[in-house]
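Undergrad: Provided herewith is a single structure, encoded as structure tokens, for subsequent inquiry.
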Amino acid sequence: MEFKRINQLPPYVFNIVNEMKVEFRRRGEDIIDLGMGNPDLPTPPPIVEKLVEAARNPRNHRYSASKGLPKLREAICSWYMRHYGVSLNPENEAVVTIGSKEGIAHLALATIDRGDKVLVPNPTYPIHAFSFAMAGADLCHFPMHPDRNLWEDFMESFERMGGAPKAVLVCYPHNPTTLTVEDGFFEKLVALAHERNFFVIHDLAYADITFGGYKAPSFLSVPGAREIGAEFFTLSKSYNMPGWRVGFLVGNRDIVGALTRLKSYLDYGMFQPIQIASILALNQMDAVPRQIASVYEKRCKVLVEGLNRGGWAVTMPKGSMFLWARIPMSHRQIGSLEFAKLLMSEAQVGVSPGIGFGSEGDSYVRFALVENENRIRQATMNIKRFLARTDRMEMGGIG
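If you count the sequence shown from 1, position 310 lands on 339 in my numbering, and the numbers rise without skipping.
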């Protein structure tokens with residue numbers, strides 16, 4: 030059978046590394062998996078207890094509302110006011126999604142017509158690009174490089190398109206590059222969107238996972254943003270609820286309304302006890318995200334210090350649950366997929382190859398901070414030994 034939309038999607042590069050990990054573990058090898066960004070910490074007990082309590086009530090076993098319970102949407106808007114001073118109407122400026130990944134994919138389907146131009150980062154989290162590609166968009170890219178000016182690169186790509194896009198997607202703190210911005214970036218983006226008549230989607234998945242006193246800004250806190258854009262958030266990282274699949278979109282009522290209407294045809298929302306537990310998280314657990322961020326910050330420092338001691342020069346990011354590391358010069362020519370395979374086989378460490386996030390990522394690999402500090406120390410020692418062995422081999426070959 031022929032399925033044209035599916036055939037347009039490239040092979041999922043991460044599956045190659047994941048299959049290697051499964052095979053190595055089957056053989057009894059201890060692989061330290063820093064590949065997938067799958068939080069390992071448990072969901073806070075009060076959230077779990079609220080879920081269990083709500084699940085025991087038969088009234089919560091019925092269909093829910095596709096756009097989310099009214100009290101959950103009220104909690105979302107209250108959360109935005111407390112965190113960012115942004116006032117939102119829970120009736121038409123907020124919609125609950127089954128994780129932000131589902132929301133992004135369905136928003137693309139709801140708002141993009143075949144042939145519309147959409148500008149997205151490269152590299153980036155795959156759904157940022159492929160949601161629009163599957164909707165039939167003409168994708169354009171702006172590069173994300175740690176050592177260059179983000180706005181200048183964005184504007185160069187924007188002008189090269191030969192006409193304004195229908196939509197621009199951004200994500201800060203960014204996955205995978207960990208790049209961050211200040212309010213000034215969003216101010217310029219909002220002004221440009223008003224001038225050139227496109228809408229903006231900002232993925233704020235890592236809003237709370239920030240280090241060293243940095244606070245990630247909300248796109249919606251910029252004056253004029255709500256007239257031309259909307260913002261996604263997810264409870265997956267901030268509240269250690271990845272498997273619960275709770276996200277939401279807030280902002281411009283036309284954009285939110287498009288997704289709300291499409292979802293009304295596609296689903297009845299998530300299991301109601303999950304929504305009830307999420308209300309508790311948003312309303313009563315503001316201290317939890319900082320505690321979680323502290324854990325990731327400590328892990329990241331261990332990873333950065335260990336890699337630097339091993340001769341792999343990396344710098345500490347300001348946010349996200351990742352480290353985006355440029356492949357050492359001695360191995361850069363083989364590309365990120367082959368290097369990730371080498372790390373798996375020679376150092377017993379799993380990472381994500383940068384090419385899986387886009388062509389601009391092929392000189393990098395991504396470490397996810399999803400193992401405890403001791404395991405991360407072990408990973409850096411394994412990598413140090415691997416790099417030392419390969420350096421000796423190269424020197425021997427030269428001699």
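Ideal Cβ positions, reconstructed from N, Cα and C, are used throughout, including at glycine. Quick caveat, the model's predicted, so the values are computed rather than measured.
(1) In three-state DSSP terms, what is A123?
(2) Under 8 angstroms between the Cβ atoms of V124 and F228?
(3) Could you check what DSSP says for I363 in three-state terms: helix, strand or coil?
(4) I need the straight-line Cα distance from K347 to L179, nearest angstrom please.
(5) Quick check on this structure: which residue in I133, I127 and I238 has the alpha carbon closest to the alpha carbon of R319?
(6) Note the first and the last residue of the continuous beta strand (DSSP E) segment covering V199.
(7) Taking 8 angstroms as the threshold, find out whether the stretch 318-333 comes into contact with the stretch 181-193 through three or more Cβ pairs.
(8) By how many angstroms is the C-alpha of V317 removed from the C-alpha of I427?
(9) Apart from the five residues just before and just after L398, which ones in its own chain have a Cβ nearer than 6 angstroms to its Cβ?
(10) Given T140, which residues of its chain have a CB within under 6 angstroms of its CB, disregarding the five upstream and five downstream residues?
(11) Can you grab the Cα-Cα spacing for the pair M358 / R255, in whole Å?
(12) Contact between the stretch 75-91 and the stretch 297-307: three or more CB pairs below 8 angstroms?
(13) Could you say which of G132, A310 and N118 lies nearest to R290 if we only look at CA atoms?
(14) Leaving out five residues on either side along the sequence, give the residues of the same chain with a beta carbon under 6 angstroms from the beta carbon of R102.
(15) Tell whether a beta-carbon distance below 8 angstroms holds between W353 and P155.
(16) If we call anything under 8 angstroms between Cβ atoms a contact, is L233 one with F261?
(17) Report all residues from its chain with a CB closer than 6 angstroms to the CB of W108; omit the five preceding and five following residues, and keep chain order.
TA: Reading off the structure:
(1) Here residue 123 corresponds to residue number 94 of the sequence shown, with the count starting at 1. A123 falls in the strand class under three-state DSSP.
(2) As a working mapping, residue 124 is identified with position 95 in the sequence shown. As a working mapping, residue 228 is identified with position 199 in the sequence shown. With respect to the 8 angstroms criterion, V124 and F228 are not classified as neighbours on the basis of their beta carbons.
(3) Against the sequence shown, residue 363 aligns to sequence position 334. Three-state result, I363: helix.
(4) As a working note, residue 347 is residue 318 in the sequence shown. As a working note, residue 179 is residue 150 in the sequence shown. Between the C-alpha atoms of K347 and L179 there is a straight-line separation of about 15 angstroms.
(5) In the sequence shown, counting from the first residue as 1, residue 319 sits at position 290. For R319, the nearest C-alpha among the options comes from I238.
(6) Your numbering for residue 199 matches position 170 in the sequence shown. Note, V199: beta strand (DSSP E), A196 to C200.
(7) Cβ pair count under 8 angstroms is below three, so no.
(8) For the purposes of this step, residue 427 is identified with residue 398 of the sequence shown, where counting begins at 1. For the purposes of this step, residue 317 is identified with residue 288 of the sequence shown, where counting begins at 1. Unreliable placement is indicated for I427, whose pLDDT of 40 sits below 50; no coordinate value is reported for it.
(9) The residue given as residue 398 occupies position 369 in the sequence shown. Cβ within range, chain order: Y325, R328, C329 and M350.
(10) Position 111 of the sequence shown holds residue 140. Once the five neighbours on either side are set aside, the close Cβ partners of T140 are A287.
(11) For the purposes of this step, residue 358 is identified with residue 329 of the sequence shown, where counting begins at 1. For the purposes of this step, residue 255 is identified with residue 226 of the sequence shown, where counting begins at 1. The straight-line gap separating the alpha-carbon atoms of M358 and R255 is approximately 44 angstroms.
(12) As far as the Cβ criterion goes, the stretch 75-91 touches the stretch 297-307, which means the pair count is three or higher.
(13) Start at 1 with the first residue of the sequence shown, and residue 290 comes out as number 261. Among G132, A310 and N118, the Cα nearest to that of R290 belongs to G132.
(14) Against the sequence shown, residue 102 aligns to sequence position 73. Closer than 6 angstroms at the Cβ level, and outside the excluded window around R102, lie P119 and A123.
(15) On the sequence shown, position 324 is the one that residue 353 refers to. On the sequence shown, position 126 is the one that residue 155 refers to. No. Outside cutoff.
(16) On the sequence shown, position 204 is the one that residue 233 refers to. On the sequence shown, position 232 is the one that residue 261 refers to. For the pair L233 and F261, the CB atoms are nearer than the 8 angstroms cut-off.
(17) As a working mapping, residue 108 is identified with position 79 in the sequence shown. Once the five neighbours on either side are set aside, the close Cβ partners of W108 are L311.
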